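To start, the structure under review is shown below, and the notes come after it.
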Amino acid sequence: MHLTDTKAIALLDCNNFYVSAESVFNPKLKNKPVVVLSNNDGCVVSRSNEAKKFIPMGAPFFEVEEILEENGGEVLSSNYELYGDMSRRIMNTLRAYTPEIEVYSVDEAFLGLAETRKGFDFVGREIREKIDKYFGVPIGVGIAETKTLAKIANRIAKKSEKANGVVDLYQSPYRDIALDRTKVGDIWEVGRATVEKVAPLGVRTALDFKNLDLRWVKKNLTVKGGRTLLELRGFRCFPLELEPPPKKNTCSSGSFSETVSAYGPLFNAVSCHLDTAVARIRKHRLAARAVSVFVQTNRFQAANYYGDSYTYKSHYPSDNLFELQEWARICFERLYRENFRYKKVGVILEGLMPTEGVTKRMYDSNPQKEKLDRLNRAVDELNKKFGRGTVHLAAAQIGKWKMKREMMSPRYTTRIGEVIEVH
DNA sequence: TCTGGGGTCCTAGGACCC
DNA sequence: TCTGGGGTCCTAGGACCC
Numbered sequence: 124m125h126l127t128d129t130k131a132i133a134l135l136d137c138n139n140f141y142v143s144a145e146s147v148f149n150p151k152l153k154n155k156p157v158v159v160l161s162n163n164d165g166c167v168v169s170r171s172n173e174a175k176k177f178i179p180m181g182a183p184f185f186e187v188e189e190i191l192e193e194n195g196g197e198v199l200s201s202n203y204e205l206y207g208d209m210s211r212r213i214m215n216t217l218r219a220y221t222p223e224i225e226v227y228s229v230d231e232a233f234l235g236l237a238e239t240r241k242g243f244d245f246v247g248r249e250i251r252e253k254i255d256k257y258f259g260v261p262i263g264v265g266i267a268e269t270k271t272l273a274k275i276a277n278r279i280a281k282k283s284e285k286a287n288g289v290v291d292l293y294q295s296p297y298r299d300i301a302l303d304r305t306k307v308g309d310i311w312e313v314g315r316a317t318v319e320k321v322a323p324l325g326v327r328t329a330l331d332f333k334n335l336d337l338r339w340v341k342k343n344l345t346v347k348g349g350r351t352l353l354e355l356r357g358f359r360c361f362p363l364e365l366e367p368p369p370k371k372n373t374c375s376s377g378s379f380s381e382t383v384s385a386y387g388p389l390f391n392a393v394s395c396h397l398d399t400a401v402a403r404i405r406k407h408r409l410a411a412r413a414v415s416v417f418v419q420t421n422r423f424q425a426a427n428y429y430g431d432s433y434t435y436k437s438h439y440p441s442d443n444l445f446e447l448q449e450w451a452r453i454c455f456e457r458l459y460r461e462n463f464r465y466k467k468v469g470v471i472l473e474g475l476m477p478t479e480g481v482t483k484r485m486y487d488s489n490p491q492k493e494k495l496d497r498l499n500r501a502v503d504e505l506n507k508k509f510g511r512g513t514v515h516l517a518a519a520q521i522g523k524w525k526m527k528r529e530m531m532s533p534r535y536t537t538r539i540g541e542v543i544e545v546h
């Protein structure tokens, strides 16, 4: 694949994705204030346009529950199977449009657009109508020379009534006007810390930022800041990544609805997360060189807070559940302190690498491992056949730590799936 | 009472070496 | 007065993303 034809980059992004995905199957949600909650029904992670008027992003649900009810709103627990399924279908539709696609997140993709007589704006509208027709999910499209500019175009596309969902800034005389209307903190990769650093220089907008001295930016905001600045000037520094880069780490973690203090139950939770993370790496035929475990008490209660992590590093990688659990146990023993009310634990598998090529060396050094590996393969088989969690570590009583999802939508996906299959 | 989860990249600074 | 000067590797933590 070569990108010589890429003239412009488009950023497509689903509006209020989780809420939109729910509305596809439940039209009663349309034109109402609707929010979707994070795991354990903790925070607001997606809002309909109506809900955005009075509910801030990320708000703890208990703080906004009342106002939502007063406004006749609806609330849903997150249904990740549904969103993942919907996302895959949308991305496949885009893929049919162009092979130059980078799936950036569950609801966003960058597309490389070749020169066309129709014009980029026309192409953007075409794609937008198609996604709306097939899926009923509204999207915003921003087009420009670089990812950073495409992000800005996309933002305006969604905000401005006049834009009708598509803004094309490619070689546009309006580019600086667009930058002037964008706050510096709304630039992609510019966060709170950067905003504070440039504020004393009178930098308020993306246009101000673009006009900063490159040397100053590189020195004070590191190479990443420099790239962002160049991208605002139209020089491509962040290329499209058509192949997802290999994963380096993977993590499974979670909060408890009620705190846990005893060693046994807490290690049980750690084992559950290990089980989840190991299943994930085995699926991708990866092995881990290190295991990190972390534990935390309630981070909103500063008094008597305890939180720490410990990493076990091995000189060889492993993808074996039983061996990795031993590593996790070593970590956990270092971390565990009595008399704390733990709120959250998690496991990170680090230094991931393909299993191929490392397997033989492992057995050379320890013949016992072959037995464990046969056992682990048997576990995989059974879980594949009868569903995940059928067989698991004795310490990992899966199901016990199920998260709170009290307002979940029904499982529409597989049955309705065929109806919205594309092309 | 209740406040998410899963990632990447970059840098500074220490350890160590010649 | 004054304490070599580079290098490399590793790690913790900051910053940012969705």
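If you want the numbering used here, it's the 1-based position in the first sequence plus 123. We put the CB at the ideal spot given by N, CA and C, even for glycine. This structure is a prediction, so every number in the text was calculated from the model and none was measured.
Check your understanding: Y386 by DSSP, collapsed to three states: which one?
Key -> In the structure shown, Y386 falls within a helical segment according to DSSP collapsed to helix, strand and coil.
Review point. What number of angstroms, rounded off, separates the C-alpha of G510 from the C-alpha of K282?
Key: In this structure, the alpha-carbon of G510 lies about 44 angstroms from that of K282.
**Study point:** Where M438 sits in the DSSP three-state scheme
**Key:** What sits at residue 438 in the sequence shown is His, not Met. In the three-state DSSP reduction, H438 falls in the strand class (E or B).
Exercise for review: Give the single residue among E223, W524, V159, A451 whose Cα lies nearest to the Cα of E366.
Suggested key: Nearest of E223, W524, V159, A451 to E366, Cα basis: E223.
**Study point:** Beta bridge counterpart(s) of C374 as assigned by DSSP
**Key:** Answer is I471, bridged to C374.
Practice item. Would you check if the distance between the CB atom of I404 and the CB atom of D442 is smaller than 9 angstroms? Key: With respect to D442, I404 sits close: the two C-beta atoms are nearer than 9 angstroms.
Check your understanding: Excluding the five sequence neighbours on either side, which residues of its own chain have a C-beta within less than 7 angstroms of the C-beta of N138, listed in chain order?
Key -> Hits under 7 angstroms: P261, I262, G263, K281.
**Study point:** Counted within 10 angstroms of its Cβ, other Cβ atoms place R278 as buried (16 or more) or exposed
**Key:** Classification of R278: buried, given that the 10 Å Cβ count is 16 or more.
Practice item. Please confirm whether D303 and L272 have their CB atoms less than 9 angstroms apart. Key: No. Outside cutoff.
Check your understanding: Considering only residues of the same chain and omitting the five flanking positions on each side of H125, which have a CB-CB separation below 6 angstroms?
Key -> Because H125 sits at a pLDDT of 46, beneath the cut-off of 50, its placement in the model cannot be relied upon, and the point is left open.
Point to revise | Coil, strand or helix - T420 by DSSP | key: It is a strand residue.
**Study point:** Close beta carbons around A451, own chain, < 8 angstroms, minus the five adjacent residues each side
**Key:** So the list reads V393, S394, L397, V414, V416, Y435, V470, once near-sequence residues are dropped.
Review point. What does a CB cutoff of less than 6 angstroms around N162 pick up in its chain, not counting 5 residues either side in sequence?
Key: The beta carbon of N162 lies closer than 6 angstroms to those of M526 in the same chain, with the five residues before and after it left out.
Point to revise | P440 to A402 span [Cα, whole Å] | key: Distance between the alpha carbons of P440 and A402 is about 16 angstroms.
Check your understanding: By Cβ distance, which residues of its chain are closer than 7 angstroms to S171, with the 5 residues on each side in sequence left out?
Key -> Closer than 7 angstroms at Cβ, skipping near neighbours: N139, V142, K155, P156, V157.
Exercise for review: Tell me whether the beta-carbon of A301 lies closer than 9 angstroms to the beta-carbon of V290.
Suggested key: Closer than 9 angstroms, so yes.
Point to revise | Rounded straight-line distance, which links the Cα of Q491 to that of F390 | key: Going by the C-alpha atoms only, they are around 25 angstroms apart.
Exercise for review: Could I get the ranges of all uninterrupted beta strand (DSSP E) runs contained in the region 281 to 342, with 3 residues as the minimum, in chain order?
Suggested key: Entirely contained in the region 281 to 342, the beta strand (DSSP E) runs reaching 3 residues are, in chain order, 289 to 291.
Check your understanding: At what residue ranges does the region 152 to 232 contain a whole run of the beta strand (DSSP E), taking only runs of 3 or more?
Key -> Complete beta strand (DSSP E) runs here, min 3: 157 to 160, 167 to 170, 197 to 200, 224 to 228.
Point to revise | Top-ranked residue by Cα proximity to K274, from Y429, R248, F233 | key: With distances taken between Cα atoms, K274 lies closest to F233.
Practice item. May I ask which residues mark the beginning and end of the beta strand (DSSP E) holding L134? Key: Segment 129 to 137, the beta strand (DSSP E) holding L134.
Check your understanding: Is the CB-CB distance between Y293 and I266 below 9 angstroms?
Key -> With contacts defined as CB atoms closer than 9 angstroms, Y293 and I266 qualify as a contacting pair.
Point to revise | CA nearest to the CA of V147, picked from M209, P368, A237, F332 | key: Considering only alpha carbons, the answer is M209.
Exercise for review: Could you name the residues that DSSP lists as bridge partners for F432?
Suggested key: Phe is not the amino acid found at residue 432; the sequence shown has Ser there. Under DSSP, S432 shares a beta bridge with F417.
Point to revise | For S146, the three-state DSSP class (helix, strand or coil) | key: Shown here, S146 sits in a helix according to DSSP, grouped into three states.
Check your understanding: Do the CB positions of E193 and L134 come within less than 9 angstroms of each other?
Key -> No, the Cβ-Cβ distance between E193 and L134 is not below 9 angstroms.
Point to revise | Candidates R408, E461, A411, W339, of which the one nearest G112 by Cα | key: There is simply no residue 112 to check, as the chain begins at 124 and stops at 546 in what is shown.
Review point. Is L578 near L516, with beta carbons less than 9 angstroms apart?
Key: The chain is shown only over 124 to 546; residue 578 falls outside these bounds and no answer can be derived.
Review point. Distance, Cα to Cα, E381 vs K466?
Key: E381 and K466 have their alpha carbons spaced roughly 7 angstroms apart.
Review point. For P477, which beta-bridge partners are listed by DSSP?
Key: DSSP lists L409 as partners of P477.
Exercise for review: Tell whether a beta-carbon distance below 9 angstroms holds between T269 and F332.
Suggested key: Here T269 is not near F332, since their CB atoms are 9 angstroms or more apart.
Exercise for review: Pick helix, strand or coil for L272, following the three-state DSSP scheme.
Suggested key: In the structure shown, L272 falls within a helical segment according to DSSP collapsed to helix, strand and coil.
Check your understanding: For P150, which option in E197, I190, L160, E188 has the closest C-alpha, if you only look at C-alpha atoms?
Key -> The option with the nearest alpha carbon to P150 is E197.
Review point. Excluding sequence positions up to five away, which residues of its chain have a Cβ less than 7 angstroms from the Cβ of V313?
Key: Answer for V313: V307, T351, listed in chain order.
Review point. Taking C-alpha atoms, which residue in G348, V229, A219, K406 lies nearest to S169?
Key: Check the Cα spacing between S169 and each of G348, V229, A219, K406: the tightest is with V229.
Check your understanding: Does DSSP put K466 in a helix, in a strand, or in coil?
Key -> Reduced to three states, the DSSP call for K466 is strand.
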